[in-house]
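S.K.: Take a look at this one; I'll ask things after.
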Amino acid sequence: MNYRLAGLVGAGLLLIGARAASLRGKRRRQRVVYHVNDDDPRRQAAALRNIQNHVAAVGADRLDLKVVLHGAGLSLVLYPEAQARTKLARGNADANVRASVRELRRRGVQFKVCANTVRGAGVTVADDLFDVAAADVVPSGVVELAALQSAGYAYIKP
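Counting from 1, position 153 in the sequence shown corresponds to residue 153 in this note's numbering; the numbering is continuous, with no gaps.
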């Protein structure tokens with residue numbers, strides 16, 4: 001093999017490796033929205049695991065992650081004992097779900113709740129929903145999803 005050619009190839013590979021390492025160090029902050037709109041507890045638990053894994057892989061400091069809940073997906077944060085006084089079929093905010101949501105919020109994940117669903121399902125935010133403040137309620141879940149996607153958020157439907 002030509003030693004000069006081998007030297008050039010080696011130098012090129014070093015430059016490519018250095019550039020890749022540089023890009024990893026300067027990785028842009030990820031902007032992601034997760035969409036939850038069904039009430040299956042297994043699917044919701046899987047979505048929470050996906051979100052936890054996402055935060056762990058990217059790092060909370062390099063991630064702007066929002067979860068939009070609307071329709072039956074509101075059951076994720078609905079207390080089980082509150083379900084009977086609403087029009088939602090399930091209340092999935094048991095102790096495990098509350099612990100997951102609490103930890104994700106601590107890591108910077110924002111949960112956005114659809115006001116149309118709240119109103120239509122007869123839900124009282126302060127009494128029926130776990131860890132949801134008035135500031136977490138958006139006028140429309142689907143409009144929020146569209147706005148976030150227009151603003152450059154990657155859309156994920158687990």
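Just so you know, even glycine gets a beta-carbon here, dropped at the ideal spot from N, CA and C.
What are the uninterrupted segments assigned as alpha helix (DSSP H) that are 4 or more residues long and contained completely in the stretch 37 to 91, given in chain order?
M.R.: 41 to 58
S.K.: On a Cα-Cα basis, can you pick out the residue from Pro80, Arg62, Ile51 that is closest to Asp127?
M.R.: Comparing alpha-carbon positions, the option among Pro80, Arg62, Ile51 lying closest to Asp127 turns out to be Pro80.
S.K.: Please list the segments of the beta strand (DSSP E) lying wholly inside the stretch 105 to 149, counting only runs of 3 or more residues, in order along the chain.
M.R.: 110 to 114
S.K.: Closer than 8 Å by C-beta to Ala89: which residues in its own chain qualify, once you throw out the five before and the five after it? Chain order, please.
M.R.: Asp39, Ala72, Ser75, Gln83, listed in sequence order.
S.K.: Using the rule of at least 16 other Cβ atoms within 10 Å of the residue's Cβ for burial, across every protein chain shown, is Gly91 buried or exposed?
M.R.: Buried, because 16 or more other Cβ atoms sit within 10 Å of the Cβ of Gly91.
S.K.: Mind checking Gly141: buried by the 16 CB within 10 Å criterion, or exposed?
M.R.: buried
S.K.: Rank His54, Leu69, Ala45 by C-alpha distance to the C-alpha of Ala115 and give the top, closest one.
M.R.: For the residues His54, Leu69, Ala45, the minimum Cα distance to Ala115 belongs to Leu69.
S.K.: Measure the CB-CB distance between Arg102 and Leu63 and report whether it falls below 8 Å.
M.R.: no
S.K.: Out of Asp61, Ala57, Leu104, Lys66, point me to the one whose CA is closest to Ala146's CA.
M.R.: Lys66
S.K.: Hey, could you find the ends of the beta strand (DSSP E) Ala154 is sitting in?
M.R.: 154 to 156
S.K.: Any idea which residues DSSP pairs Val32 with across the strands?
M.R.: Answer is Leu65, Ala154, bridged to Val32.
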